[in-house]
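Order-wise, the sequence lines are chains A and B.
Just so we're aligned, residue 61 is where the first sequence starts under the numbering used here, counting upward by one.
Just so we're aligned, residue 40 is where the second sequence starts under the numbering used here, counting upward by one.
Take a look at the structure set out below.
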Amino acid sequence: MKAIIATTVFGVIMMFAGLWVNDKKSIAGLATFLFAALLGVTIWDLTTTSVNSPKSLFNDMLRSEHYSLWFNTIMTGCSLLYVLLMGKEVQKVGKYVSEYFALIFFILCGLYLLSMYNNLLMMFIGIEILSIPQYILAGSDKRNLKSSEASLKYFLMGAFSTGILLMGITLLYGAARTFNITEMVTLMHSDALNPLALAGILFIMIAFSFKVSAAPMHMWTPDVYDGSPTVFTAFMATVVKSAAFFAFLRLFQVSFNSLSEHWVMVLAIITAATLLVGNVTAVFQQSVKRMLAYSSIAQAGFMLFAVLAVNAVAWQGIIIYAVAYSVATIGIFAVLVKLKDYTYDGFNGLAQREPLLAFVTTIFLFSLAGIPLTGGFMAKYYVLLAVVQQGQLMWLVIFALLMAAISVYYYFRVIIAMYFKAGTPEISSPVTGGDKFMLVVTCALVILLGVLPQLFLTKV
Amino acid sequence: MELYDILFWVLSAIAVSCALGVILSRNPVNSVLFLILTFFAISGHYVLMNAQFLAIVNIIVYAGAIMVLFLFVIMLMNLNADVEPQKGQLVQLAGVISGGILFLVVLASIKTAKAEIMDKTSTDIGLISNLGKVLFKEYVLPFEISSVLFLSAMIGAIVIGKKEEVKTSATAKMEHVSE
């Protein structure tokens, strides 16, 4: 709860900072300081809550379980990493730097709501607070037509999926006659299942699949991620997506666990389609930014495994996947914004010009592909373990492994371009010592995740 | 048949037929007008459920403010001719099939659902004093936290709506120095 108040206040402070501080650099500095403070507040929240007794807040609107607070802390840490790596690039997007940071603080407010909600109403508000700042950030580069297109497309599709979500909530309320997701369990259990609830679950599943860009609802992702300013794509594809997944898992794990026989097959087909579409289409991309958009669809397929497996390992899986995927993707985007040319050819010969940049990019790509000793491997291991323990969907696990093999192809194309092709990559902004230090720290985090994943799971 | 039932069925018929009119009419202006009528019919339903405040708010905010704004925008954009782009046959067919399947699922679930008759005498939750109490007691958190949502929407209006100054040589030089 403290974190929600803090992030809102920090967002307002950023808005006022735009009024009084004219220097873009000090605004970014202030934002970095506030993100560090926010991380402190989330840790304070975490340490003051006992592990075994979740606190219910405001008539059970929110429930601060320990894993929710742990997720909040980790995601705030990722946001801090994001600002440290890319705070400089945010300044270049447009005029309203302090407003961009304020919007990122508000997105984090939505994230905290989504990790702690215990009421469908809070879930809805959380999703909206998460989405609306994103529509704005997508269109923040006003001189670029593609950015405006991305914003409009995202807004229209997002509004449509919100409508579907509301319809689902309505049907669910009609069946259970409560918005409270823990009370709902007993009511849906008690007598013969109300078919309205099943229709509601279907609608909510579709809406969430849209938010996390799962396959039949993924059409917006490449255009939006490609069109938005690269710095904001990095945030959308990582922290925001993880938050949507956590909310997805929370609802389906807490409320619909006992009904899993009805919806698991539908979600399994969505997962298979997501893996197939994401990986196969990524192979044919020419731009690395667009490839990363498709790769984020493919990674969403893996994260859906955590939702599919209705057991305790799923929580560990989603947290470790969220952090491993976020850290590696933020790292790659931090390298990408330094380059002028986003095609594969733009990476040609990077190893000669900037050996360190090329090396950390290689590690990040290893992690996304799921090579052992990197975070991505452990993440894939945990989500697949969750489904294996559940024991019904072995065909899907095998299919996912096959798709992971395909993903190696397009991730390694970047590595091949960097190390084995000659060329002179154009760097848009100079790589300072600070940048290099942060990239090495990020790289160390990725390897730490792969070697000691328990470090990130002690609190689950 | 009581008066209540007659009113209910008449209002429902108006609401459903106007909602169909929204999606079936080719002219966007007609669509908006049909939507306003639908809102009025739904407001009638709110009154039947003893929720007068909601009914009035629905008319003032939706039918009054938002839809009139809509109408202005459509008229300004001069969309009154049927200029909507035509989709290919295959897309139309796919849309009809998938939409039809969804319709079937929802229809089946509603048909087999246990419909419970609302007790229309005891619901005074919609009266304004009760609504206020509920809003500030049980639902105080969502009520307050929506302010974050509106704040970010307002920032959006400024960030997207405000004119960005064209880079003059002076500001460009300043940025160069600061970099």
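Ideal Cβ placement from N, Cα and C applies to all residues, glycine included.
These numbers come from a predicted model, not from an experiment.
What did DSSP end up calling residue i once you bin it into helix, strand or coil?
| i | result |
| --- | --- |
| S185/B | helix |
| R123/A | strand |
| V49/B | helix |
| N66/B | coil |
| N317/A | helix |
| K400/A | coil |
| N22/A | Because chain A in this structure spans residues 61 to 520, residue 22/A falls outside the shown range and cannot be described. |
| S355/A | helix |
| L141/A | helix |
| L512/A | coil |
| I554/A | Here chain A covers residues 61 to 520 and nothing more, so residue 554/A does not appear. |
| S175/A | helix |
| L166/B | coil |
| S347/A | strand |
| L453/A | coil |
| L416/A | helix |
| L526/A | Absent from the structure is residue 526/A, since the part of chain A shown begins at 61 and ends at 520. |
| E218/B | Residue confidence is low: E218/B scores 43 on pLDDT, short of 50, so the model does not pin down where it sits. Its coordinate-derived value is still stated next. Three-state DSSP puts E218/B in coil, outside helix and strand. |
| K206/B | Residue confidence for K206/B is low, a pLDDT of 49 falling below 50, so the modelled location carries little weight and cannot support an answer. |
Assuming residue i and residue j make a contact with CB atoms under 8 Å, what is their CB distance in whole Å?
| i | j | result |
| --- | --- | --- |
| T22/A | I475/A | Residue 22/A is absent from the structure shown; chain A starts at 61 and stops at 520. |
| T334/A | A275/A | 4 Å |
| N254/A | A235/A | 4 Å |
| W80/A | I379/A | Going by Cβ atoms, the distance from W80/A to I379/A rounds to 39 Å, so no, they are not a contact pair. |
| V387/A | A429/A | That pair is no contact at about 15 Å. |
| K349/A | S488/A | In fact, because the Cβ distance is near 13 Å, the residues do not count as touching under 8 Å. |
| V360/A | V272/A | Looking at the sequence provided, one finds Ala at residue 360/A rather than Val. With 8 Å as the limit, A360/A and V272/A qualify as a contact, their Cβ atoms being about 5 Å apart. |
| F78/B | N97/B | 6 Å |
| S139/A | L94/A | Not really, about 11 Å apart at Cβ, beyond 8 Å. |
| V99/A | G147/A | A quick correction: the sequence has Leu, not Val, at residue 99/A. With a Cβ gap of about 15 Å, L99/A and G147/A do not count as contacting. |
| I87/A | S158/A | 5 Å |
| L54/B | A94/B | Residue identity differs from the one stated: residue 54/B is Ala in this sequence, not Leu. Rounded, the Cβ-Cβ distance is 13 Å, inconsistent with contact. |
| A418/A | Y479/A | 7 Å |
| Y385/A | T298/A | 7 Å |
| V343/A | Y470/A | 5 Å |
| I164/B | F92/B | That pair is no contact at about 10 Å. |
| M61/A | L141/A | Going by Cβ atoms, the distance from M61/A to L141/A rounds to 24 Å, so no, they are not a contact pair. |
Uninterrupted alpha helix (DSSP H) stretches inside the segment 213–275 of chain A (no shorter than 4 residues):
241–250, 255–271
For the segment 111–139 of chain A, enumerate the residues whose C-beta is nearer than 8 Å to any C-beta of chain B, in chain order.
L117, F118, N119, M121, L122
Scan the segment 65–141 of chain B and note each continuous alpha helix (DSSP H) run of 4 residues or more that stays entirely inside, going in chain order.
67–87, 91–96, 106–116
Compile a chain-ordered list of the residues in the segment 184–206 of chain A whose CB is closer than 9 Å to at least one CB of chain B.
F184, I185, G186, E188, I189, I192, P193, Y195, I196, L197, G199, S200, K202, R203
Take every Cβ of the segment 463–473 of chain A, pair it with every Cβ of the segment 387–397 of chain A, and state whether three or more of those distances are shorter than 8 Å.
no
Contacting positions in the segment 159–178 of chain A - beta carbon closer than 9 Å to chain B:
E159, Y160, A162, L163, F166, I167, C169, G170, L173
At a Cβ cut of 9 Å, what residues of the segment 180–191 of chain B count as close to chain A, listed as they run along the chain?
L180, P181, I184, S185, S186, V187, L188, L190, S191
If we count Cβ pairs, one from each stretch, closer than 8 Å, do we get three or more for the segment 177–187 of chain A versus the segment 272–288 of chain A?
no
Using a Cβ-Cβ cut-off of less than 8 Å, list which residues of the segment 91–120 of chain B approach chain A; keep chain order.
none
If contact means a Cβ-Cβ distance below 8 Å, which residues of the segment 250–272 of chain A contact chain B?
N254, P255, L256, L258, A259, L262
Please determine if the segment 117–132 of chain A and the segment 177–193 of chain B are in contact, where contact requires at least 3 C-beta pairs separated by less than 8 Å.
yes
Taking only beta carbons into account, state which residues of the segment 140–155 of chain A come closer than 8 Å to chain B, listed in chain order.
G154, K155
Stretch pair the segment 407–418 of chain A + the segment 436–446 of chain A: three plus CB contacts closer than 8 Å:
no
Pair every Cβ in the segment 318–328 of chain A with every Cβ in the segment 170–182 of chain A, then say whether three or more of these pairs are closer than 8 Å.
no
Sufficient close CB pairs (3 or more, under 8 Å) joining the segment 206–213 of chain A to the segment 254–264 of chain A
no
Just by C-beta distance, which residues in the segment 63–83 of chain A are closer than 8 Å to chain B?
I64, T68, G71, V72, M75, D83
Which runs of the alpha helix (DSSP H) at least 4 residues long sit entirely within the segment 62–109 of chain A? Give them in chain order.
62–80, 84–107
Mind listing which residues of the segment 214–244 of chain A have their C-beta closer than 8 Å to chain B's C-betas, in chain order?
L231, G234, A235
Are there three or more Cβ pairs, one per stretch, closer than 8 Å when the segment 299–317 of chain A is compared with the segment 365–372 of chain A?
yes
With 7 Å as the C-beta to C-beta threshold (strictly closer), list the residues of the segment 61–83 of chain B near chain A in chain order.
none
Residues of the segment 44–59 of chain B with a CB closer than 7 Å to any CB of chain A: list them in chain order, please.
none
Could you say if the segment 214–228 of chain A and the segment 149–164 of chain A meet the contact criterion of at least three C-beta pairs nearer than 8 Å?
no
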